[in-house]
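Numbering (our numbering), first residue to last: 50 to 300.
The C-beta atom is built at its ideal place from N, Cα and C for all residues, glycine as well.
Only one structure is covered here, and it is reproduced in the block below.
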């Protein structure tokens, strides 16, 4: 009798876990669809165009796709800490954040919590926390575009766009470190994300933490700690505020 009761309990637990798993996948699919089909607030893209008059409508649409990719990267990483690798996509993200109510509602529906903004960044021995976020962004952006993140033969949009659009002071990447010529243009190497060469670790590369979107971490960017910012923006303080750590703090 005891064995039968134990078996019933185990079956019940398995069924409950399976139900939660299905529900979680369904919720994630809903959030992905929301991000992919989100209609930007009126005037946002026009404001961005005014600040980047050198970009054509087709090029501005590339930037829009880049920002959607960044938001999907954050979602697919279980809303873990991610860093922005593009200056021009970062510009559009910042413009979006200025639409405070709309951005807060977007974050609530896309992630279940507020996604804070911190400036774009490249790999650096001095910014280990940012490096973790960049590796995570690289991993999931590569996954989205069917690129091998360890041995890339091309770049995902987020890492290619600054160079493609000739953005001043942008982050220019190449897939293969061998393509970087001594004394040439300053480039970042995509293959470095799978290497310990920069800061002695590959933390963030291919890793996915437990908890999912809606857990405590809600910060992204180049230097914040990313922890302790739970809920739908409450207690994190807005655009880059409230997230402690190595150098985070807004624009």
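Cα-Cα separation between residue i and residue j, rounded to whole angstroms
| i | j | result |
| --- | --- | --- |
| residue 223 | residue 81 | 28 Å |
| residue 94 | residue 220 | 22 Å |
| residue 146 | residue 111 | 19 Å |
| residue 87 | residue 78 | 14 Å |
| residue 248 | residue 194 | 27 Å |
| residue 103 | residue 137 | 12 Å |
| residue 192 | residue 253 | 14 Å |
| residue 181 | residue 92 | 34 Å |
| residue 214 | residue 135 | 11 Å |
| residue 279 | residue 162 | Only weak support exists for where residue 279 lies, its pLDDT of 35 falling under 50; the coordinates are left without a value. |
| residue 286 | residue 172 | With a pLDDT of only 34 at residue 286, under the threshold of 50, the placement of this residue in the model should not be trusted; the figure read from the coordinates follows. Going from the Cα of residue 286 to the Cα of residue 172 covers about 27 Å. |
Within 9 Å, strictly: CB atoms of residue i and residue j
| i | j | result |
| --- | --- | --- |
| residue 185 | residue 126 | yes |
| residue 178 | residue 83 | no |
| residue 187 | residue 174 | no |
| residue 170 | residue 132 | yes |
| residue 211 | residue 226 | no |
| residue 168 | residue 139 | yes |
| residue 114 | residue 98 | no |
| residue 201 | residue 255 | no |
Rounded Cβ spacing between residue i and residue j (contact assumed at less than 8 Å)
| i | j | result |
| --- | --- | --- |
| residue 90 | residue 151 | 4 Å |
| residue 120 | residue 207 | About 11 Å; that fails the 8 Å criterion. |
| residue 160 | residue 116 | Actually they are not in contact, since the Cβ atoms of residue 160 and residue 116 sit about 14 Å apart, beyond 8 Å. |
Residue i: first and last residue of the uninterrupted alpha helix (DSSP H) it sits in
| i | result |
| --- | --- |
| residue 145 | 136-146 |
Residues near residue i in its chain [Cβ-Cβ closer than 8 Å; skip 5 each side]
| i | result |
| --- | --- |
| residue 142 | 116, 119, 133, 166 |
Same chain only: Cβ atoms within 7 Å of residue i, ignoring 5 sequence neighbours per side
| i | result |
| --- | --- |
| residue 216 | 136, 137 |
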